[in-house]
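Input: a single structure, listed below in structure tokens.
What follows is the structure in structure tokens.
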């Protein structure tokens, strides 16, 4: 009977742990069927797009970094590429390489944090990476040292690992000497070995969530695994330029969330490591291909829980790539190229650790921002996560409320959602309507 | 090493890490204490740190680190309750300590902001200001920085564990920059560096990377106070930027209205230039 309180079941998780962001999950079940799944984001809005208006373009890299403490480099990269597109700046190869090296550092620290401290504890039933360290100290120490290697790269190029300071339109405020970079080589070689072990370790985990078929979106460049540049491609045959992003991808607001939902031609899609790997595995380095082949996992990965494998592959690739860039590095004569500021509109998309990060800026004659639009990976993946849960939940309904909630929380975590503006809590409510 | 020989706590202190509106970067700085994290985990009881652990225990807490600023109606009861539950409350980072970069809304019409970002602004619950934790409850120690310096945090924690009152340095970045022997970017490049009025803690990163400090550690002590008739350092520096580096008033406003723009000694300066 509708409205009968005895038939209404509410399940709650007051706080979702080991994710970035404040959210809740509401599941409605009617006559034993999953009726509605709402991943609710409560991230307090910080209004970056609004207060960027009127700021000078030269301030933009420092401001957008503050959107996310875990992936500030991604925001800086999409921003400078979009602005450089307006000003017609050509970036010389050495500076281009250093930006890729900086991005490698961020992929390493962000992915390793998620692998060792956030997701792996789920496979062993630990509450945290620190708890895992009590039983497996050497393993967690290896993870922390690996994470540190990524942070060391960012610190050398950017002054510090969280909110680095050297990125500017036209290049960097300062670039490292050859010797400074070479001093990192031994540690990065150690880290590359540790990344091989990490990939082998996570490949032995049990991946039990149901397979999903979804649209993958990533950048793809002509020759290298995508970070700073490339066109947008999908596994369904689409091929778009960043300038066409807003024609095909639509952000909409839902009443239950402060993060906008993004859809592609009306449907959910997935961006991030699973999509990048599926669409660009042919561009991995020979070493990464070899170690990955040993795992014998077929591509594409159809389980969200296998994100941990995809991230481990990318950590290994990023270290191999960092060593390659350092080996070929010649310090450029100048850390940046001259920039002539003019009015116009520019867009760029780069590959943040969690996927495609799109920026569009319109600039006034005086060099101030007229309009800013930023589409982060997690707002793109949010709808996909809901669809995935909708697909998965029928197989969980026989479990207790607590077990269902815990499995959903773990599943959401495996997507590495980054809604980095809020207290972290997930309220899980399940309503039984009959 | 985390020494606990003289700890005033009878057992491992119960520590909470709590978040309001922020980017997570300061919490991440704790997790970036890679070399010391396991020793730290052994010296304290991490009772509440959702970013790192699903084992979330209720208060009371001996020590709470608070990240983020107060921006939503529901933040207010949360911070009051946390204060009641906590013996030593420490803010970490610019958001918690000054309101952070999102305090730029304090000079704007929040309804216009909502309309700029959201198609249906009526769904969004937000206060018209972003404010520091200290505007709502008493705060025992403040760690400035966007992000905090993780070594400063470790220092404060080890001091507390040793029964020592933490002393957080308050002098300006300029002193550390000179000690490190960097070439002054104001003199050599004509950049409007805020190092002379910004609090130390970062290690003079910006000038060491060949650029101007932008004040992310907030104002140094006493930069806004002087005997009658003598202009404070903040105002003198602004005059120099205007006269010698030819910054026009709108650029002066932006310079002082940044990551810690709503802290009084910066906002006084930016407001003054806005009215010029």
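Protein chains in written order, with my numbering: chain A, 1 to 434; chain B, 1 to 276. Think of the CB as a built atom: it goes at the ideal place given N, C-alpha and C, for glycine as much as any other residue. This one's a predicted model, so the numbers in the text were calculated from it and none came from an experiment.
Beta-carbon contacts of residue i that lie in its chain and below 6 angstroms, excluding the five residues immediately before and after
i                     : result
residue 393 (chain A) : 34
residue 241 (chain A) : 231
residue 274 (chain B) : 253
residue 351 (chain A) : 219, 226 and 227
residue 194 (chain A) : 142 and 146
residue 181 (chain B) : none
residue 185 (chain B) : 191, 193, 207 and 212
residue 13 (chain B)  : 44, 62 and 63
First and last residue of the uninterrupted beta strand (DSSP E) at residue i
i                     : result
residue 47 (chain B)  : 45 to 48
residue 373 (chain A) : 369 to 375
residue 18 (chain B)  : 14 to 19
residue 263 (chain A) : 261 to 264
residue 61 (chain B)  : 61 to 67
residue 233 (chain A) : 231 to 234
residue 357 (chain A) : 355 to 363
residue 480 (chain A) : Because chain A in this structure spans residues 1 to 434, residue 480 (chain A) falls outside the shown range and cannot be described.
residue 142 (chain B) : 141 to 143
residue 270 (chain A) : 269 to 271
Cβ-Cβ distance between residue i and residue j below 8 angstroms
i                     : j                     : result
residue 175 (chain A) : residue 331 (chain A) : yes
residue 166 (chain A) : residue 358 (chain A) : no
residue 417 (chain A) : residue 381 (chain A) : yes
residue 272 (chain A) : residue 355 (chain A) : yes
residue 120 (chain A) : residue 308 (chain A) : yes
residue 61 (chain A)  : residue 80 (chain A)  : yes
residue 164 (chain B) : residue 80 (chain B)  : no
residue 18 (chain B)  : residue 44 (chain B)  : no
residue 215 (chain A) : residue 264 (chain A) : yes
residue 346 (chain A) : residue 85 (chain A)  : yes
residue 112 (chain A) : residue 129 (chain A) : no
residue 32 (chain A)  : residue 23 (chain B)  : no
Spatial neighbours of residue i in its chain, beta-carbon cut-off 7 angstroms, leaving aside the 5 residues before and after
i                     : result
residue 261 (chain B) : 103, 104, 267 and 270
residue 287 (chain A) : 320
residue 415 (chain A) : 304, 307, 381 and 385
residue 258 (chain B) : 214 and 215
residue 93 (chain A)  : none
Proximal residues to residue i (C-beta, below 8 angstroms), its chain only, five neighbours per side dropped
i                     : result
residue 88 (chain B)  : 62, 63, 64, 140, 141 and 160
residue 154 (chain A) : 73, 102, 105, 106, 109, 160, 161 and 164
residue 48 (chain A)  : 63, 64, 66, 67, 372 and 374
residue 25 (chain B)  : 93, 146 and 147
residue 152 (chain B) : 143, 145, 168 and 201
residue 295 (chain A) : 199, 200, 203 and 309
residue 326 (chain A) : 101, 181, 182, 184, 185 and 188
residue 483 (chain A) : The first residue shown for chain A is 1 and the last is 434, placing residue 483 (chain A) beyond what the model contains.
residue 326 (chain B) : Outside the displayed range of chain B (1 to 276) lies residue 326 (chain B), so it cannot be described from this structure.
Expected contact under 8 angstroms - CB spacing of residue i and residue j to nearest Å
i                     : j                     : result
residue 90 (chain B)  : residue 66 (chain B)  : 7 angstroms
residue 150 (chain B) : residue 33 (chain B)  : 5 angstroms
residue 146 (chain B) : residue 193 (chain B) : Not a contact, Cβ separation roughly 17 angstroms.
residue 205 (chain A) : residue 123 (chain A) : 5 angstroms
residue 37 (chain A)  : residue 169 (chain A) : At roughly 42 angstroms, the Cβ-Cβ gap does not stay under 8 angstroms, so residue 37 (chain A) and residue 169 (chain A) are not in contact.
residue 197 (chain B) : residue 225 (chain B) : Rounded, the Cβ-Cβ distance is 12 angstroms, inconsistent with contact.
residue 301 (chain A) : residue 274 (chain A) : 5 angstroms
residue 157 (chain A) : residue 98 (chain A)  : 6 angstroms
residue 110 (chain B) : residue 126 (chain B) : 6 angstroms
residue 299 (chain A) : residue 278 (chain A) : 6 angstroms
residue 262 (chain A) : residue 25 (chain A)  : In fact, because the Cβ distance is near 19 angstroms, the residues do not count as touching under 8 angstroms.
residue 130 (chain B) : residue 69 (chain B)  : 5 angstroms
Where the alpha helix (DSSP H) containing residue i begins and where it ends
i                     : result
residue 352 (chain A) : First-last for residue 352 (chain A): 344 to 352, but that is the beta strand (DSSP E), not the alpha helix (DSSP H).
residue 247 (chain B) : That residue, residue 247 (chain B), is in no alpha helix (DSSP H); it is neither H nor E in DSSP.
residue 249 (chain A) : Here residue 249 (chain A) belongs to no alpha helix (DSSP H); instead the beta strand (DSSP E) covers 249 to 252.
residue 155 (chain A) : 137 to 158
residue 108 (chain A) : 93 to 112
residue 92 (chain B)  : From DSSP, residue 92 (chain B) is part of no alpha helix (DSSP H) but of the beta strand (DSSP E) over 86 to 92.
residue 215 (chain A) : Per DSSP, residue 215 (chain A) belongs to no alpha helix (DSSP H); it is in the beta strand (DSSP E), 215 to 220.
Check your understanding: If contact means a Cβ-Cβ distance below 7 angstroms, which residues of the region 147 to 158 of chain B contact chain A?
Key -> 147
Check your understanding: Using Cβ-Cβ distances below 8 angstroms, what residues of the region 126 to 139 of chain A are close to chain B?
Key -> 127, 128, 129, 130, 131, 133 and 137
Review point. Just by C-beta distance, which residues in the region 93 to 104 of chain B are closer than 7 angstroms to chain A?
Key: 101, 102 and 104
Review point. The region 42 to 73 of chain B: which residues have C-beta closer than 7 angstroms to a C-beta of chain A, in chain order?
Key: 46, 50, 51, 52, 53, 54, 55, 56, 71 and 72
Check your understanding: Can you list, in chain order, the residues of the region 16 to 32 of chain B whose Cβ is nearer than 9 angstroms to any Cβ on chain A?
Key -> 18, 19, 20, 21, 22, 23, 24, 25, 26, 27, 28, 29, 31 and 32
Review point. What residues from the region 158 to 174 of chain A come within 7 angstroms of chain B, judged by C-beta to C-beta, listed N to C?
Key: 159, 160, 161, 162, 163, 165, 166, 173 and 174
Exercise for review: Using a Cβ-Cβ cut-off of less than 9 angstroms, list which residues of the region 62 to 90 of chain A approach chain B; keep chain order.
Suggested key: 62, 63, 65, 66, 67, 68, 69, 70 and 72
Exercise for review: May I ask you to list, following chain order, the residues of the region 182 to 200 of chain B that have a beta carbon less than 7 angstroms from some beta carbon of chain A?
Suggested key: none
Exercise for review: Compile a chain-ordered list of the residues in the region 247 to 262 of chain B whose CB is closer than 9 angstroms to at least one CB of chain A.
Suggested key: 250, 251, 254, 258 and 259
Check your understanding: Of the residues that make up the region 211 to 239 of chain B, which ones have a beta carbon closer than 7 angstroms to any beta carbon in chain A?
Key -> 211 and 214
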